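Since the structure comes first, as structure tokens, the remarks are kept for the end.
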Amino acid sequence: MPAPKRKTMLRQGAGGRAAHDVGGLAFGPIDRAEHDLALWEKRTDAMQRLLTSPGKRAFTVDGLRRVIEDYGEQAYDRTTYYEKWIRALRNLLVEQDVLTREEIERRMAEVRQKHQTAGRRVVKAKVPW
Amino acid sequence: MVSAAGSFSRPPRFKPGDRVWVPARAALGHCRTPWYVRGKPGVVAAVHGSFRDPERLAYHRPGLPAQVLYKVRFRQLDVWPSYLAGQADHIEVDIYEPWLEPQP
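Respectively, the protein sequence lines represent chains A and B. Read in my numbering, the first sequence has 29 at position 29, and its numbers run on one by one without any break. Plus 1000 on top of the position in the second sequence (first one is 1) and you've got my numbering.
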């Protein structure tokens, strides 16, 4: 994942609203620049579609939203759209007993090792659960 | 029937033209009603149909009973007290029936 460039925004006069529900708060200018999606972002989108499809129904888009909304302000503001999605997909797979946390962490370690061995740059930061 | 626009598991409480308002309550958990319309008066612009309840679907429950979804029209001046553009401007928000009350 690219390093997050975003910062946590102060929510002045936010009342009791959730971290994602920021309509009308002062949040600075909206970044309207178009950008190409990275391969991992396209794969994340495809995974969401497959996992919520009628044949699979591992969870719903509503569940995906709920997990993202529960991140808290800091993680919510500092992550991009698909960074939010991939973390939620992973956590929902564990929540729904599709995969275990150990299986995912073991596989992530294998993938890191594979890329390191091949001499590729590997991002050290881990996505929090 | 659920999740089908135009079909209802029970009769809709409101019809187009009805004057409603959104309760100014907080919500615990997943909620589709944006904060900025809570406590605001509006008018029902359309009845979309009956759909499984996203507030329950979000927690892996069946989302039943289905809830009627409305398109509600608000005056921008009511939503944003400092709104400076046209007096007649409005915003439309899709809102589920548990988040609507009749205007007194």
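Here a beta-carbon is modelled for each residue, glycine too, at the ideal position from N, C-alpha and C. These numbers come from a predicted model, not from an experiment.
N-terminal and C-terminal residue of the alpha helix (DSSP H) that residue i is part of
i         : result
Leu39(A)  : Leu39 to Leu51
Trp85(A)  : Tyr81 to Glu95
Tyr76(A)  : Glu73 to Arg78
Thr60(A)  : Run containing Thr60(A): none; DSSP gives neither H nor E here.
Thr117(A) : Arg101 to Thr117
Minimum Cβ-Cβ distance from residue i to chain A less than 8 Å
i          : result
Gly1029(B) : yes
Leu1057(B) : yes
Trp1099(B) : no
Pro1011(B) : no
His1048(B) : no
Residue i to residue j span [Cα, whole Å]
i          : j          : result
Lys124(A)  : Leu39(A)   : 19 Å
Leu92(A)   : Leu1057(B) : 13 Å
Gly28(A)   : Ile86(A)   : 26 Å
Gly25(A)   : Trp1035(B) : Inspection of the sequence shows that residue 25(A) is occupied by Leu rather than by Gly. Roughly 10 Å separates the two Cα atoms.
Arg1061(B) : Ile30(A)   : 35 Å
Leu1100(B) : Gly13(A)   : 24 Å
Residue-chain proximity (residue i, chain B), Cβ-Cβ < 8 Å
i        : result
Gln96(A) : yes
Ala3(A)  : Confidence in Ala3(A) is poor, its pLDDT being 46 and thus under 50, which makes the residue's placement too unreliable to answer from.
Phe59(A) : yes
Glu69(A) : yes
N-terminal and C-terminal residue of the beta strand (DSSP E) that residue i is part of
i          : result
Arg1019(B) : Arg1019 to Trp1021
* Asked: Curious, which full-length alpha helix (DSSP H) runs of at least 4 residues does the segment 1048-1095 of chain B contain?
  -> 1054-1057 and 1076-1079
* Please confirm if the segment 1061-1081 of chain B is in contact with the segment 66-86 of chain A, defined as three or more CB-CB distances below 8 Å between the two stretches. => no
* To do: Could you tell me whether the segment 8-23 of chain A touches the segment 45-63 of chain A, where touching means 3 or more Cβ pairs closer than 8 Å?
  => no
* Using 8 Å as the threshold, is the segment 1050-1066 of chain B in touch with the segment 1080-1092 of chain B, meaning 3 or more CB pairs across them? -> no
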